[in-house]
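Undergrad:
See below:
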């Protein structure tokens, strides 16, 4: 169950967030959608791999021992995409 929620659930959330960012910025003349897509291509598999390794290395511990690490790793991609979107809108790039 840990792998399903920690890997597959996070993967689906990241795909959905990436799709939302790409859809929200399409047609505006900026390259935010392209940047979000490129970040997603690299970030989603990397996040899944890191989450599998975290869950596997702490398989004997309770989930509360490594939940903070799992959440921080999982929020890195959406934070990077949101930062890109904010930077482009603030600096009119």
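Residue numbers (the UniProt record's numbering): 1 to 93.
Idealized CB from N, CA, C, for every residue including glycine.
DSSP three-state label for residue 23, please.
TA: One-based indexing of the chain shown puts residue 23 at position 23. Residue state, collapsed to three classes: helix.
Undergrad: Please name the residue in 3, 52, 21 whose C-alpha comes closest to that of residue 77.
TA: By 1-based counting over the chain shown, the position of residue 77 is 77. Answer by Cα proximity: 21.
Undergrad: Could you pull the start and end residues of the alpha helix (DSSP H) that residue 91 belongs to?
TA: Your numbering for residue 91 matches position 91 in the chain shown. Its alpha helix (DSSP H) spans residues 76-91.
Undergrad: Can you grab the Cα-Cα spacing for the pair residue 53 / residue 92, in whole Å?
TA: For the purposes of this step, residue 53 is taken as residue 53 along the chain shown, with counting starting at 1. For the purposes of this step, residue 92 is taken as residue 92 along the chain shown, with counting starting at 1. In a straight line, the C-alpha of residue 53 is about 39 Å away from that of residue 92.
Undergrad: Rounded to the nearest angstrom, how far is the Cβ of residue 73 from that of residue 50, given a contact under 8 Å?
TA: As a working note, residue 73 is residue 73 in the chain shown. As a working note, residue 50 is residue 50 in the chain shown. That belief holds up - the Cβ atoms of residue 73 and residue 50 are roughly 5 Å apart, short of 8 Å.
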